Amino acid sequence: MARSDAAATAALQAGVAPQIERDHTILREILDAPPKPTASGTPTGLFQIDHLREPQDFLRLAERTLIRCQLLVERIARVASPDAEMAEVVRVVQNLDRLSDMLCGVIDMAELVRHAHPEPVWSEAANGAYEYLCNYMNVLNTHTGLYEALRRAMKDESVWRQLSEEAQAVALIFLRDFEKSGIHLPPQERDRFVQLSDEIMVLGHTFLQNMSHGTDEAPTQFPMELLEGLDTSVLKTHSQGFFHRASSLTVVPGSWELHYISKHAPDVRARRLAYEISYTGRTTPIEVLERLLRTRYELAKLTGKRSFADMALVDKMAGSPEHAEGFLRLVADAQRPAAERMVGELSKLKQQAEGTAPLEVWDREYYADQYLQLHRPVRPMPLSPYLSLGSVFTGLSRLFYLLYGIHFRAAEPQPGEVWRSDVVKLDVVDETEGGVIGTIYCDLFSRPGKPPSAAHYTVRCSRRIDWDDTQRDVTLGARPDFPRDVDMSHLLGVQGTTGRGREGQFQLPIVVLMTDFAAPTMGHDGASLLRWHDVETLFHEMGHAIHSMIGRTEYHNVSGTRCATDFVELPSILMEHFVSDPRIVQLTAHHYKSGAALPYQHLQAHLETQRHLDALDAHQQIMLATMDQRYHSARAGDPSFSTSLELELLQRQMGLFPPVPNSTWQGQFGHLFGYGATYYSYLFDRAIAARVWQKVFSAEPLSREAGEQFKQVLRRGGGKDPWTMLSRLLNDEQIAPGDAQAMETIGRWGLGEEAE
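The sequence shown lines up with residues 1 to 756 when you count with UniProt numbering.
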């Protein structure tokens, strides 16, 4: 059988149209071949933006954007005047959303480029543009003229009634953002708010840099004598000079060498030393983290909140830290027995191997690996040959077509459009709208300097643009000294598109998926073969991407993933349920040479082995979410506040292992910045996703009817109350109020099969 026949047959049997399968054949051929060199020809700018042809263009683009924003700010602020035209009052929400889109169009793109671009000069330029416009955005968050214009529009009942439900949701988002920014404060305190916001941004960036780009701390010599029984050939092959001399190995905190030692070294002294080098006594990242937490606490107090957690959760599904903590207690109590049983199993292995117990935290990875080896099939079948990049991507496309009527079509990037030649460009095609509804750029392979974790970046959101009237910005917003020759065309070159059954013209969303997969080698006919963990990661991140594609809202601020933080992970975690279902595996896993389908029983054996340790992983995540709540509570305002002492106390109260004095593990937990006080969202959405899978998809995961039900949730983004959408999807009125009882109900649902 030809290499693609089995996959195509399965897809056609499942209901994928033949013309769609032709796109899939081309997609797989491209993805399973060695990357092509960069296209030649006259270069366009990044993302085909004419203003981004070279690094210095980033700051020029930011400066032009600020000028355009200032026009719109002056126009909106005029609405606060009693003699403002009523038509301008009606347009306040639209114009505020357009202002936000102007800024985010550059900020979000710069955020991606400063992390993804392999050339430092581009990264530095993007970072400069990012900070330049973020500083301006912080100023706008305390702009009283904008705030008063919004309040006038919201208070006028005749205006409010003219706004759609989506526009009203956007208005409330802006109002909360203004109020969280201390807009009611006296001028001096508003200035302090902007200063603190700037400090938080810089501290957060520094904190993340300490994680992804190493540390200033001096390298340490690790005694080779402790590595007896460990296969050090891997270290020698990849060390690139790490071997200092025959008796020692040069390592740095948090390095992959230390992770390797922690997981595979038989000598407990080696594991303990590896842990201590990485996670104890590291003062620099902890000093940055504690400054960040104290600054956030001061910011919250400035706005009248008890803590940063109170400030952060006011517009989330949880609503308050008390609700979040109550949810965490319920899932912690449910998970703990299974986690303790697993620790007992690992302790037995340690007792047998070393004659000592109990298990210490530095033993966990080693004995977890030993446990997996013990329970692994005697002759496990390799999975990777069935998990080529092309096979998995086309399987995802088939799944989305069957559920939502959309699929991927490979597109050829123009010269200069992408930051590396191996970045894959996918157009997303919708059969209902009759054309392309967005673009996904996939930066998939590991390289030096690239962040090791997977991520989804929203570069541009869906937004209706045919009602934009930029010339009125000049008429109403230009001051006397404003230059009249300013180009008022779209700075990012956006052209509106139309779709069947939808009024107006829309800008198409653009997202970037970043993963850390191993680059293809000379073997396997140029195909990149994934591990099962890679496939799970790809499904998760693609859940975010499809949310951005389907989120077809008229307003930028509620498009796709721009919804409540504790709702945004639902589509991605739901995809983790799809990935291992045998009916989905039939579409995604086919041998890269023969096209033969993966025998599901071999994958099932692998999954059952991995799931033995799920209880430990869930408990760890509960610990992290609880730590996140404590760090962002009023404790951060105590002069004696110490993240290490708080972590030690938490370990004594909830931990499965004895606490480690002087621990600095928290300095490696980057989500403390990005998810400040909302890390519980992963667990919260995991509980919801398990329920959605059970109630909506588990019986028929390829059902278009089920897909259409969930598509209604994806389509609304943040434009509708998530509790209302969830209640309707699950036919459960009990959770509709979104109160403490609703949070408890979700806590009682548990985290799915893993919790049992």
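Glycine is no exception: its CB is placed at the ideal position from the N, C-alpha and C atoms. As the structure is a prediction and not an experimental result, all values here were calculated from the model.
Check                                                                                                                   : Outcome
For residue 359, the nearest candidate out of 276, 268 and 402 (CA to CA)                                               : 268
Bounding residues of the beta strand (DSSP E) (the contiguous stretch that carries residue 438)                         : 435-445
Any 3 or more C-beta pairs closer than 8 Å across the segment 312-320 and the segment 559-568                           : yes
C-beta contact flag for residue 80 and residue 148 at 7 Å                                                               : yes
Span separating the alpha-carbon of residue 380 from that of residue 589                                                : 17 Å
Coil, strand or helix - residue 339 by DSSP                                                                             : helix
With 16 other Cβ atoms within 10 Å as the buried cut-off, status of residue 662                                         : exposed
C-alpha distance - residue 18 paired with residue 727, whole-angstrom precision                                         : 37 Å
Span of the beta strand (DSSP E) around residue 456                                                                     : 455-460
Cβ pair residue 183, residue 493 closer than 7 Å                                                                        : no
Whether residue 100 touches residue 142 by CB criterion (7 Å)                                                           : no
Contact set for residue 670: own chain, Cβ-Cβ below 6 Å, skip 5 residues either direction                               : 208 and 211
Alpha-carbon spacing of residue 202 relative to residue 308, whole angstroms                                            : 17 Å
Beta-carbon proximity list for residue 288, same chain, < 7 Å, skipping 5 on both sides                                 : 203, 206, 207 and 210
Assumed close pair residue 750, residue 687 - CB separation to whole angstroms, cut-off 8 Å                             : 6 Å
Cβ-heavy atom distance, residue 442 to the ligand PLP, below 6 Å                                                        : As far as ligands go, the structure on display features none, and thus does not contain the ligand PLP.
Cβ shell of residue 243 (< 8 Å), same chain only, five flanking positions each side left out                            : Note on residue 243: pLDDT 48, under 50, position unreliable in the model; the coordinate value appears next. The answer, listed in chain order, is 235, 236, 249 and 250.
For residue 395 and residue 435, the rounded distance between their alpha carbons                                       : 20 Å
Range of the contiguous alpha helix (DSSP H) that encloses residue 644                                                  : 643-654
Cβ separation of residue 512 and residue 459, assumed to be a contact under 8 Å, to the nearest whole Å                 : 6 Å
7 Å CB neighbourhood of residue 145 in its chain, flanking five on each side removed                                    : 77 and 80
C-beta contact flag for residue 495 and residue 465 at 7 Å                                                              : no
Nearest neighbour of residue 229, chosen from 263, 393 and 197 [CA to CA]                                               : 263
Rounded Cβ spacing between residue 711 and residue 404 (contact assumed at less than 8 Å)                               : 5 Å
contact_flag[the segment 332-344, the segment 615-624] where n(CB pairs < 8 Å) is 3 or more                             : yes
The beta strand (DSSP E) enclosing residue 513, as first and last residue numbers                                       : 510-517
Residue 667, DSSP secondary structure in three states                                                                   : helix
Paired residues, beta bridge with residue 430 - DSSP                                                                    : 406 and 435
Close-in-space but distant-in-sequence residues of the same chain around residue 386 (CB under 7 Å, 5 per side omitted) : 589, 590, 591 and 598
Per-residue DSSP class, three states only, for residue 203                                                              : helix
Residue range of the unbroken alpha helix (DSSP H) whose run includes residue 502                                       : No alpha helix (DSSP H) contains residue 502, which is instead part of the beta strand (DSSP E) from 502-507.
Residues near residue 241 by beta carbon distance below 6 Å, same chain, minus five either side                         : A caution first: residue 241 carries a pLDDT of 44, below 50, which makes its placement in the model too unreliable to give a value.
C-beta atoms of residue 331 and residue 656 nearer than 7 Å                                                             : no
Contacting residues, own chain, Cβ-Cβ under 6 Å from residue 552 (five flanking each side not counted)                  : 462 and 715
Which of helix, strand or coil DSSP assigns to residue 479                                                              : coil
Distance, residue 90 Cα to residue 424 Cα                                                                               : 42 Å
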